[in-house]
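S.K.:
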Amino acid sequence: MISRAKAPAALFLGIVLSSRFGVAQPELSPLQRPSRPMIEAAQQHYLTGTRFFEEGQWDASLVEFTASFQLSGERDLLFNISWTHEKAGRAREALEYAERYLVACRGTEDEERATKRVAFLKAKYGDPANGAASTVQA
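What follows is the structure, encoded as structure tokens:
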């Protein structure tokens, strides 16, 4: 289990994945929904990514979280990818994925959380679009 202090995004996603995987997303047609094998594979990639995250292996964690996202389309993985890029010292990529997460959350209960994530990253590291610094001291 991941502690909140160590990886709040991964902990949050673990709860989300266990409750959302297997539940059809209403905005997708039946042909667009991930199949059971895809969901199971996505869960395994997520668990492996979480383990790598706990170990501080950011690049390996990113590979696994990205694979999970590609298989499942679960928007909360974008939050985890953003968090992992930030931990790896890549503020520009962290902001990019936070903004993707915000777009995916429009009109949902997670929109406020996504908005806060984008604002946090811009305040902490600057906005790369405005020529601000884009690297993190990890």
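Numbered according to the working numbering, the sequence shown spans residues 1070 to 1207. We put the beta carbon where it would ideally sit given N, CA and C, even for glycine. These numbers come from a predicted model, not from an experiment.
Going along the chain, which residues of its own chain have a beta-carbon closer than 8 Å to the beta-carbon of Arg1186, five neighbours each way excluded?
M.R.: Phe1148, Ser1151, Ala1167, Tyr1170 and Leu1171, listed in sequence order.
S.K.: For Asp1128, does the count of other Cβ atoms within 10 angstroms reach 16, so buried, or fall short, so exposed?
M.R.: Looking at its Cβ environment, which holds fewer than 16 other Cβ atoms inside 10 Å, Asp1128 is exposed.
S.K.: Less than 8 Å between the CB atoms is what I'm expecting for Ala1111 and Ser1130, so what's the real figure, rounded?
M.R.: Incorrect: roughly 15 Å between the Cβ atoms, too far for contact.
S.K.: Closest to Lys1193 by CA distance: which of Gly1125, Leu1164 and Glu1123 is it?
M.R.: Checking every option, the nearest Cα to that of Lys1193 belongs to Leu1164.
S.K.: By Cβ distance, which residues of its chain are closer than 6 Å to Lys1156, with the 5 residues on each side in sequence left out?
M.R.: Cβ neighbours of Lys1156 beyond the five flanking positions: Trp1127.
S.K.: Secondary structure at Thr1177, three-state DSSP: helix, strand or coil?
M.R.: Coil.
S.K.: Looking only at C-alpha atoms, which of Glu1124, Thr1135, Cys1174 and His1154 sits nearest to Gln1113?
M.R.: Here the closest residue by C-alpha is Thr1135.
S.K.: Identify which residue in Glu1123, Thr1177, Val1132 and Arg1159 has its Cα closest to the Cα of Arg1144.
M.R.: The candidate whose alpha carbon is nearest that of Arg1144 is Thr1177.
S.K.: Where do the ends of the alpha helix (DSSP H) carrying Ser1104 lie?
M.R.: Neither: Ser1104 is in no alpha helix (DSSP H) and is coded neither H nor E.
S.K.: I need the boundaries of the alpha helix (DSSP H) containing Gln1139, first residue and last residue.
M.R.: First-last of the alpha helix (DSSP H) with Gln1139: Trp1127 to Ser1141.
S.K.: If you count every other CB in all the chains shown that lies within 10 Å of the CB of Glu1133, and 16 or more means buried, which is it?
M.R.: Buried, since its Cβ has 16 or more Cβ neighbours within 10 Å.
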